[in-house]
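Written below as structure tokens is the structure these notes are about.
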Amino acid sequence: EAGVAQSPRYKIIEKRQSVAFWCNPISGHATLYWYQQILGQGPKLLIQFQNNGVVDDSQLPKDRFSAERLKGVDSTLKIQPAKLEDSAVYLCASSLDGASRGRGNTIYFGEGSWLTVV
Amino acid sequence: AQSVTQPDIHITVSEGASLELRCNYSYGATPYLFWYVQSPGQGLQLLLKYFSGDTLVQGIKGFEAEFKRSQSSFNLRKPSVHWSDAAEYFCAVGAGRGSTLGRLYFGRGTQLTVWP
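Protein sequence lines correspond, in order, to chains A and B. So that you can map any letter, position 50 of the first sequence is 50 in this note's numbering, and since no number is skipped, the others follow by simple counting. So that you can map any letter, position 2 of the second sequence is 120 in this note's numbering, and since no number is skipped, the others follow by simple counting.
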């Protein structure tokens with residue numbers, strides 16, 4: 001079974017530039033998550049989708065970050081304009097059904113997209 | 119509010135020695151608990167999870183964890199560490215309500231170094 005796919009793996013941009021990350025979740029997974037992991041910290045949830053709808057974006061800096069999952073499958077996360085403090089790993093993850101209590105709740109992570117803003 | 123505390127930022131053990139990584143959580147209801155491992159340049163790999171039932175959970179790579187409700191803890195253990203276990207370990211609690219039930223709150227991680 002293929003895992004969560006992310007691209008690009010690495011990106012270096014200058015501050016105030018824009019960047020986009022792409023994620024393809026595990027086939028059949030209804031719930032998709034974007035996490036931000038700053039060096040030395042644990043991952044922090046940015047946004048959670050259930051199919052193509054947003055269920056939680058309370059931690060997403062909406063003045064510069066946006067995300068979409070138009071067809072309920074793959075997703076893109078965009079940052080515009082980037083700041084130095086956006087340097088982090090952006091982890092995409094998916095689960096069978098994040099709304100279920102039980103084993104469908106297990107979240108699987110991709111390898112991450114590493115962003116450096118200079 | 120949900121939170122996870124991993125009190126040890128860095129642990130060093132000798133190969134073959136036993137290991138225990140500590141994790142304490144804060145959550146008002148019955149938690150879902152997870153341990154993930156992250157090798158350099160890699161994503162997070164699930165080691166084990168606790169949803170309900172037996173409080174001693176077995177995972178991959180010889181790891182186990184014990185859920186202790188009275189102590190709000192979910193410590194990770196391994197009886198004999200291998201050099202390949204060197205990585206960063208994250209404890210997480212799954213919480214939320216309704217459609218946000220799947221979100222995870224992570225601790226800051228414990229970096230494990232293994233001496234030959």
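For every residue, glycine included, the Cβ atom is placed at its ideal position computed from N, Cα and C.
Are any of the Cβ atoms in chain A nearer than 8 Å to that of residue i?
i: leucine 164 of chain B; result: yes
i: lysine 179 of chain B; result: no
Using a Cβ-Cβ cutoff of less than 6 Å, which residues in the same chain neighbour residue i once the five nearest sequence positions on both sides are dropped?
i: glycine 180 of chain B; result: Lys196
i: glutamine 229 of chain B; result: His128, Glu206
i: lysine 167 of chain B; result: Phe152
Mapping the DSSP letters down to three states, classify residue i as helix, strand or coil.
i: serine 191 of chain B; result: strand
i: leucine 84 of chain A; result: helix
i: glycine 177 of chain B; result: coil
i: aspartate 56 of chain A; result: strand
i: serine 18 of chain A; result: coil
i: serine 136 of chain B; result: coil
i: serine 95 of chain A; result: strand
i: serine 144 of chain B; result: strand
i: serine 113 of chain A; result: strand
i: arginine 121 of chain B; result: Strictly speaking, residue 121 of chain B in this sequence is serine, with arginine absent from that position. Strand at serine 121 of chain B.
i: serine 198 of chain B; result: coil
Counting only Cβ pairs nearer than 7 Å, list the residues of chain B close to residue i.
i: glycine 42 of chain A; result: Phe208, Phe224, Gly225, Arg226, Gly227
Applying a beta-carbon distance threshold of less than 7 Å, which residues of chain A neighbour residue i?
i: glutamine 160 of chain B; result: Glu111
Any beta-carbon of chain B closer than 8 Å to the one on residue i?
i: isoleucine 38 of chain A; result: no
i: leucine 46 of chain A; result: no
i: threonine 116 of chain A; result: no
i: aspartate 56 of chain A; result: yes
Residues of chain A with CB closer than 8 Å to the CB of residue i, please, in chain order.
i: lysine 167 of chain B; result: Thr106
Leaving out five residues on either side along the sequence, give the residues of the same chain with a beta carbon under 7 Å from the beta carbon of residue i.
i: valine 35 of chain A; result: Correcting the residue identity first, residue 35 of chain A is tyrosine in this sequence and not valine. Hits under 7 Å: Pro43, Lys44, Leu45, Leu46, Leu91, Ala93.
### Query
Do the segment 128-143 of chain B and the segment 8-24 of chain A touch if we need at least three Cβ pairs shorter than 8 Å?
Short answer: they don't touch.
### Message
Residues of the segment 74-89 of chain A in Cβ contact with chain E at a cutoff of 9 Å, in chain order, please.
### Response
The structure shown has no chain E; the protein chains it does contain are A and B.
### Task
Take every Cβ of the segment 2-19 of chain A, pair it with every Cβ of the segment 63-79 of chain A, and state whether three or more of those distances are shorter than 8 Å.
Yes, the segment 2-19 of chain A touches the segment 63-79 of chain A.
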